[in-house]
Amino acid sequence: AQKITQTQPGMFVQEKEAVTLDCTYDTSDPSYGLFWYKQPSSGEMIFLIYQGSYDQQNATEGRYSLNFQKARKSANLVISASQLGDSAMYFCAMSYLSGGYNKLIFGAGTRLAVHP
Amino acid sequence: EAQVTQNPRYLITVTGKKLTVTCSQNMNHEYMSWYRQDPGLGLRQIYYSMNVEVTDKGDVPEGYKVSRKEKRNFPLILESPSPNQTSLYFCASGLYRGQSTGELFFGEGSRLTVL
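Protein sequences, first through last, are from chains B and V.
First residue of the first sequence? That's 1 in my numbering, and the numbers climb one at a time after it.
First residue of the second sequence? That's 1 in my numbering, and the numbers climb one at a time after it.
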């Protein structure tokens with residue numbers, strides 16, 4: 001069965017340092033998509049980055065990059081040069097086809113605290 | 001402005017009193033979905049819809065109903081709410097892109113408390 005696992009309930013990082021948030025996934029489908037979303041304390045969900053299973057290169061969006069290791073089934077988010085505003089909950093998600101329909105499942109999340 | 005709008009944002013109700021949480025998007029997206037967020041469990045999918053009149057169950061559909069009569073609206077109905085449905089609810093929409101839903105746009109969330 002498809003599954004997303006985030007093993008770090010909480011992380012902290014010093015401002016301006018880089019941080020890696022872990023995400024592993026489980027699927028037997030060859031075609032899937034991987035996402036990271038940010039949820040600040042205000043509650044809204046903000047899309048950060050997307051990686052398709054057939055994409056050859058790791059996705060990057062500004063200070064965010066997705067370290068996609070297909071054989072290990074991992075899709076870690078790397079935030080470079082952390083800022084205080086990066087303090088939030090981060091969710092890894094995977095989309096896949098099930099019975100002809102698309103589904104999107106989320107991990108339990110990692111709470112990141114950026115310290116000055 | 002492109003957005004997903006949920007109402008109400010906050011609601012306290014009592015067991016058994018039917019309620020509807022509305023969701024509307026102005027981006028002409030085919031795909032819409034409802035999630036509930038509970039501490040330590042992340043977001044779990046309740047129902048989703050690939051297009052008008054096409055809906056299907058997610059992972060936690062019990063106690064909920066949905067309808068998709070128009071492309072822009074996807075209301076979530078709790079016919080007889082129970083305390084275990086106290087949660088933060090998110091509506092989301094996105095473009096259907098074959099093997100992937102693509103980026104989802106989320107509403108601001110609806111915090112529901114059932115006493």
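Glycine is no exception: its CB is placed at the ideal position from the N, C-alpha and C atoms.
Rounded to the nearest angstrom, what separates residue i and residue j at their Cα positions?
| i | j | result |
| --- | --- | --- |
| F12/B | A113/B | 5 Å |
| A88/B | T110/B | 8 Å |
| E61/B | C23/B | 18 Å |
| Y37/B | F105/V | 10 Å |
| L77/B | L48/B | 10 Å |
| N26/V | Y47/V | 20 Å |
| N58/B | G33/B | 13 Å |
| K73/B | S31/B | 13 Å |
| S93/V | N73/V | 10 Å |
| Y89/V | Q56/B | 35 Å |
| S42/B | R44/V | 19 Å |
| M32/V | S110/V | 16 Å |
| Y153/B | F91/B | The structure shown has nothing for residue 153/B, since chain B only spans 1 to 116. |
| Q85/V | T13/V | 11 Å |
Flag this pair as yes or no: are the beta carbons of residue i and residue j separated by less than 8 Å?
| i | j | result |
| --- | --- | --- |
| T27/B | M94/B | yes |
| L112/V | L11/V | yes |
| E79/V | K18/V | yes |
| T22/V | P81/V | no |
| Q83/B | L66/B | no |
| R63/B | A75/B | no |
Grouping DSSP H, G and I as helix and E and B as strand, with all else coil, what is residue i?
| i | result |
| --- | --- |
| D86/B | helix |
| Q121/B | Because chain B here runs from 1 to 116, residue 121/B falls outside it and cannot be looked at. |
| N67/B | strand |
| N7/V | strand |
| Q99/V | Residue placement at Q99/V is flagged as unreliable, the pLDDT there being 48, under the threshold of 50; the coordinate-derived value follows with that caveat. In this structure, Q99/V counts as coil in the three-state DSSP scheme. |
List the endpoints of the continuous beta strand (DSSP E) containing residue i.
| i | result |
| --- | --- |
| C91/V | 87-94 |
| C23/V | 19-25 |
| N28/V | Segment: none, N28/V is in no beta strand (DSSP E) and carries neither H nor E. |
| F74/V | No beta strand (DSSP E) holds F74/V; DSSP gives it neither H nor E. |
| A75/B | 74-79 |
| L117/B | Residue coverage of chain B in this structure runs from 1 to 116, which leaves residue 117/B outside it and unanswerable. |
| S49/V | 42-51 |
| V19/B | 19-21 |
| S41/B | That residue, S41/B, is in no beta strand (DSSP E); it is neither H nor E in DSSP. |
| Y25/B | 24-26 |
Self-check item: Contact residues within the stretch 22-46 of chain V, judged by C-beta distance below 8 Å to chain B
Solution: From the stretch 22-46 of chain V, only Y31, S33, Y35, G40, L41, G42, L43, R44, Q45 have a Cβ closer than 8 Å to chain B.
Quiz item: In chain order, what residues of the stretch 34-47 of chain B put their CB closer than 7 Å to some CB of chain V?
Solution: Listed in sequence order: G43, E44, M45, F47.
Practice problem: Give the residues from the stretch 42-74 of chain V that approach chain B closer than 8 Å (Cβ to any Cβ), ordered along the chain. | Solution: G42, L43, R44, Q45, Y48, M50, D56, G58, D59
Exercise. Closer than 9 Å, Cβ to Cβ, to anything on chain V: give me those residues from the stretch 49-66 of chain B, in chain order.
Key: Y50, G52, S53, Y54
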